[in-house]
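J.: First the structure, then my questions, so here it is.
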Amino acid sequence: MTSTSSQRLLARNTLLLFLSYLSQAALGVLSAVILARYLGVEGFGQYALVMAVVGIAGHFVELGFNTFLTREIAQQRSEARRFLLGSWLAKVLLAVAMAIPYYILLKVGFQDRADVLLAALDLTPLLVLIIALNASISSVFIAYEHMNEILLFNVLAVTAQLAGLFGLTWAGYNVDALIWWAVIVQMARFIFSWYRLERFLKNKDEGPIETHGWGWLKFSMNLIKRAWPIGLSTMAVTIYSRLDVILLSFITGDRMVGLYSAAYRFIDLLRMLPGAFQGAYFPMISRAEADGLGTEVERNFKRARRWSIGYGLGCVLIIVILAPYLIRWLYTEQFAPSIPILQSLVWIMIPLVINDLMQTYLYATGREILVPKISFIGILINGGLLLWAIPAFGMMGAVMSVLISNVVLSGLFWNMAIRKQLGQGKM
Numbered sequence: 123m124t125s126t127s128s129q130r131l132l133a134r135n136t137l138l139l140f141l142s143y144l145s146q147a148a149l150g151v152l153s154a155v156i157l158a159r160y161l162g163v164e165g166f167g168q169y170a171l172v173m174a175v176v177g178i179a180g181h182f183v184e185l186g187f188n189t190f191l192t193r194e195i196a197q198q199r200s201e202a203r204r205f206l207l208g209s210w211l212a213k214v215l216l217a218v219a220m221a222i223p224y225y226i227l228l229k230v231g232f233q234d235r236a237d238v239l240l241a242a243l244d245l246t247p248l249l250v251l252i253i254a255l256n257a258s259i260s261s262v263f264i265a266y267e268h269m270n271e272i273l274l275f276n277v278l279a280v281t282a283q284l285a286g287l288f289g290l291t292w293a294g295y296n297v298d299a300l301i302w303w304a305v306i307v308q309m310a311r312f313i314f315s316w317y318r319l320e321r322f323l324k325n326k327d328e329g330p331i332e333t334h335g336w337g338w339l340k341f342s343m344n345l346i347k348r349a350w351p352i353g354l355s356t357m358a359v360t361i362y363s364r365l366d367v368i369l370l371s372f373i374t375g376d377r378m379v380g381l382y383s384a385a386y387r388f389i390d391l392l393r394m395l396p397g398a399f400q401g402a403y404f405p406m407i408s409r410a411e412a413d414g415l416g417t418e419v420e421r422n423f424k425r426a427r428r429w430s431i432g433y434g435l436g437c438v439l440i441i442v443i444l445a446p447y448l449i450r451w452l453y454t455e456q457f458a459p460s461i462p463i464l465q466s467l468v469w470i471m472i473p474l475v476i477n478d479l480m481q482t483y484l485y486a487t488g489r490e491i492l493v494p495k496i497s498f499i500g501i502l503i504n505g506g507l508l509l510w511a512i513p514a515f516g517m518m519g520a521v522m523s524v525l526i527s528n529v530v531l532s533g534l535f536w537n538m539a540i541r542k543q544l545g546q547g548k549m
């Protein structure tokens, strides 16, 4: 593949993933607006806590399989169906293993929380498993660089999810009903996307599946063994990114979580474009690395790093100016305390997008084991700062902690992992 055609394919896949992520971001923002207006600050805080728990539990069940599948199938496409089925069995095993300690922790740590919140948290393992199964299907399409199917799945799921959220909140239902609706939508997506994948793979040159019976269990356990370094990485990153919401909930209560999460929704939205680029970039550099094209991989990384810094600075400039209008227009006046939070929180975009890019680079070049090592240092720093700053400064303390720890994390990734591999001390 020539350099020009490679760049065109990257641009096309980035656009398709961007549109796909745009639909997910639209769901995040619009659902936040609906929930904020109908459930109020406290109800929205409960929903945000459930989603934070779903995020952490989800990465335990996925255990890095999504990134692992994309890399492995991109390098050996004839094994796509075998990897898919093996990952599904592995995720079911991991979901069962996660559910037992999860329910014990739920009974011990959440005894004094609202009944409606406990009912929603009871559904988390089921929702997590279905989302994880769907993610395996998406990983296969990404490995084939066939992003248009993912766009279709996301648009349909987002439309159904928003319709349900609006209808249920308008009818007066609480958070537990919203989580039930999310389970139904994800199950429908699973059935439809599996059907589309089978049609897609039918036309591909695949070898016969030689795994049978108990061999599937052995194969799935082997996949877990191979994927765990990436899984450890993603779990560390997720715990790091959700720790602020979890600790805010326990230290300050649902209202503060609601105000903080309203601001953080915009950070999730701003991460959409670089996330789309990295999703398209990952299978391409994985293949280049496998083909021994290390110079091309390094050159593309340096270019992407400069772009990420510029993008982060642009986000800061726009949000600092528009934050008062965005918060009041979307969430109503009761969320006005979120304005200074958003104006301060947006500064994390600069180190955040760079950190995401450096992690993608390490995954693609087979050095994913470095990610959890560095991320666990970040967790310790972030956790220590949060435990001190939240009681002292509330939401703004959480913002300060997240910003400082992300800057430190950028320095650690660059000096401990990236700089040595590139062989240069500059961009």
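Take the position in the sequence shown, starting the count at 1, then add 122; the result is the number in my numbering.
Just so it is clear, CB atoms sit at the ideal spot from N, CA and C, and this is done for glycine as well.
#1: Going by CA-CA distance only, name the one from Ile361, Pro396, Leu152 that's closest to isoleucine 501.
#2: Leaving out five residues before and five after glutamine 546 in sequence, what residues of the same chain have Cβ atoms less than 8 Å from its Cβ?
#3: Nearest CA to the CA of serine 430: which residue from Gly162, Phe457, Met471, Pro459?
#4: Quick one: Cα of serine 497 to Cα of glycine 519, how far?
#5: Where proline 446 and glutamate 271 are concerned, what is the direct C-alpha to C-alpha distance, given to the nearest angstrom?
#6: What does the alpha-carbon distance come out to for the pair lysine 548 and glutamate 420?
#7: Determine the DSSP secondary structure at tryptophan 303, reduced to helix, strand or coil.
#8: Residues in the same chain with beta-carbon distance under 8 Å from leucine 228, minus the five sequence neighbours each way, listed in chain order, please.
#9: Helix, strand or coil: which one does DSSP assign to leucine 245?
#10: Under three-state DSSP, which class holds tryptophan 336?
#11: For alanine 170, which residues in the same chain have their Cβ closer than 7 Å to its Cβ, ignoring the five residues on either side in sequence?
#12: Hey, could you find the ends of the alpha helix (DSSP H) phenylalanine 288 is sitting in?
#13: Nearest-angstrom Cα distance between valine 214 and leucine 339?
#14: Starting from arginine 199, follow the alpha helix (DSSP H) in both directions and report where the run begins and ends.
#15: Any idea what DSSP makes of asparagine 296, helix, strand or coil?
#16: Counting only the same chain and skipping the five closest in sequence on each side, list residues whose C-beta sits under 7 Å from that of phenylalanine 535.
#17: Go ahead and pull the three-state DSSP assignment for isoleucine 156.
#18: If contacts are defined as beta-carbon pairs under 8 Å, then serine 260 and serine 209 qualify, I think. What distance do you get, rounded to the angstrom?
#19: Note the first and the last residue of the continuous alpha helix (DSSP H) segment covering tyrosine 483.
#20: Looking at glutamine 456: is its Cβ nearer than 8 Å to the Cβ of valine 238?
#21: Based on Cα-Cα distance, which residue from Val280, Ile264, Arg348 lies nearest to phenylalanine 322?
#22: Work out the CA separation of lysine 424 and tryptophan 302 for me, nearest whole Å.
#23: When DSSP labels each residue in this structure, what does asparagine 325 get in the three-state scheme?
#24: Taking all protein chains shown into account, decide if glycine 397 is buried (16 or more other Cβ within 10 angstroms of its Cβ) or exposed.
#25: Between glycine 167 and arginine 377, which are expected to be in contact by the criterion C-beta below 8 Å, what is the C-beta distance as a whole number of angstroms?
#26: May I ask which residues mark the beginning and end of the alpha helix (DSSP H) holding valine 468?
#27: What residue range is occupied by the uninterrupted alpha helix (DSSP H) comprising tryptophan 536?
#28: Run through DSSP, which three-state label would proline 459 get?
#29: If I measure Cβ to Cβ from tryptophan 469 and keep anything under 8 Å in the same chain, skipping five residues before and after, which residues do I get?
#30: Considering Cα atoms alone, identify which of Leu474, Ala486, Ala293 is closest to glutamate 194.
#31: Measuring CA to CA, which of Ala293, Asn276, Tyr224, Ser200 is closest to leucine 161?
T.: Based on what the coordinates show:
#1: For the purposes of this step, residue 501 is taken as residue 379 along the sequence shown, with counting starting at 1. Isoleucine 501 has its Cα closest to that of Ile361, out of Ile361, Pro396, Leu152.
#2: The residue labelled residue 546 in the question sits at position 424 within the sequence shown. For glutamine 546, the predicted model reports a pLDDT of 47, less than 50, meaning its position is unreliable; a value from the coordinates is still stated below. For glutamine 546, where only same-chain residues beyond five positions count, there are no Cβ hits under 8 Å.
#3: The residue you call residue 430 lines up with position 308 of the sequence shown. Of the candidates Gly162, Phe457, Met471, Pro459, the one whose C-alpha sits nearest the C-alpha of serine 430 is Met471.
#4: The count along the sequence shown starts at 1 and reaches residue 497 at position 375. The count along the sequence shown starts at 1 and reaches residue 519 at position 397. Taking C-alpha positions only, serine 497 is separated from glycine 519 by approximately 21 Å.
#5: Taking the first residue of the sequence shown as position 1, residue 446 is located at position 324. Taking the first residue of the sequence shown as position 1, residue 271 is located at position 149. Distance between the alpha carbons of proline 446 and glutamate 271: 37 Å.
#6: Locating residue 548 in the sequence shown gives position 426, where the first residue counts as 1. Locating residue 420 in the sequence shown gives position 298, where the first residue counts as 1. Any answer about lysine 548 is weak, because its pLDDT of 41 lies below 50 and its placement is not dependable; what the coordinates show is given next. Straight-line Cα distance between these residues: approximately 12 Å.
#7: If you number the sequence shown from 1, residue 303 lands on position 181. For tryptophan 303, the three-state secondary structure derived from DSSP is helix.
#8: As a first step, residue 228 is located in the sequence shown; it is residue number 106 there, counting from the start. Excluding sequence neighbours, leucine 228 sits near Leu240, Leu243, Asp244.
#9: Taking the first residue of the sequence shown as 1, we reach residue 245 at position 123. Collapsing the DSSP output to three states places leucine 245 in coil.
#10: If you number the sequence shown from 1, residue 336 lands on position 214. If DSSP states are grouped into helix, strand and coil, tryptophan 336 belongs with coil.
#11: Position 48 of the sequence shown, counted from the first residue, corresponds to residue 170. Around alanine 170: Val367, Val379, Gly380, Ser383.
#12: Start at 1 with the first residue of the sequence shown, and residue 288 comes out as number 166. That run of the alpha helix (DSSP H) goes 270 to 292.
#13: On the sequence shown, residue 214 is found 92 positions in, with the first residue counted as 1. On the sequence shown, residue 339 is found 217 positions in, with the first residue counted as 1. If I take the Cα positions, the gap works out to 11 Å.
#14: The residue given as residue 199 occupies position 77 in the sequence shown. In this chain, arginine 199 is not harboured by any alpha helix (DSSP H), its DSSP state being neither H nor E.
#15: Within the sequence shown, numbered from 1, the residue matching residue 296 stands at position 174. In the structure shown, asparagine 296 sits in coil (DSSP, three-state: anything other than H, G, I, E or B).
#16: Numbered from 1 along the sequence shown, position 413 holds the residue referred to as residue 535. Hits under 7 Å: Asn477, Met480, Ile496.
#17: Mapped onto the sequence shown, residue 156 falls at position 34. Assigned with DSSP and collapsed to three states, isoleucine 156 falls in helix.
#18: The residue labelled residue 260 in the question sits at position 138 within the sequence shown. The residue labelled residue 209 in the question sits at position 87 within the sequence shown. That belief does not hold up - the Cβ atoms of serine 260 and serine 209 are roughly 12 Å apart, past 8 Å.
#19: Numbered from its first residue, the sequence shown carries residue 483 at position 361. Counting along the chain, the alpha helix (DSSP H) containing tyrosine 483 begins and ends at 471 to 486.
#20: Sequence index remark: in the sequence shown, residue 456 carries index 334 (1-based). Sequence index remark: in the sequence shown, residue 238 carries index 116 (1-based). No. Outside cutoff.
#21: As a position in the sequence shown, residue 322 is number 200, starting the count at 1. Nearest of Val280, Ile264, Arg348 to phenylalanine 322, Cα basis: Ile264.
#22: Within the sequence shown, residue 302 is the residue found at index 180, counting from 1. Within the sequence shown, residue 424 is the residue found at index 302, counting from 1. About 44 Å.
#23: The count along the sequence shown starts at 1 and reaches residue 325 at position 203. In this structure, asparagine 325 counts as coil in the three-state DSSP scheme.
#24: Locating residue 397 in the sequence shown gives position 275, where the first residue counts as 1. Buried: at least 16 other Cβ atoms inside 10 Å.
#25: What you label residue 167 is simply residue 45 of the sequence shown in a count that begins at 1. What you label residue 377 is simply residue 255 of the sequence shown in a count that begins at 1. Between glycine 167 and arginine 377 the beta-carbon gap is near 6 Å, inside 8 Å, which marks them as a contact.
#26: As a working mapping, residue 468 is identified with position 346 in the sequence shown. Segment: none, valine 468 is in no alpha helix (DSSP H) and carries neither H nor E.
#27: On the sequence shown, residue 536 is found 414 positions in, with the first residue counted as 1. Where tryptophan 536 is concerned, there is no enclosing alpha helix (DSSP H), given that its DSSP letter is neither H nor E.
#28: As a working mapping, residue 459 is identified with position 337 in the sequence shown. In the three-state reduction of the DSSP assignment, proline 459 falls in the coil class, being assigned neither a helical nor a strand state.
#29: For the purposes of this step, residue 469 is taken as residue 347 along the sequence shown, with counting starting at 1. Contacts found: Val438, Leu525.
#30: Taking the first residue of the sequence shown as 1, we reach residue 194 at position 72. Measuring from the Cα of glutamate 194, the nearest candidate turns out to be Ala486.
#31: One-based indexing of the sequence shown puts residue 161 at position 39. Ala293 is the residue among Ala293, Asn276, Tyr224, Ser200 whose C-alpha sits nearest the C-alpha of leucine 161.
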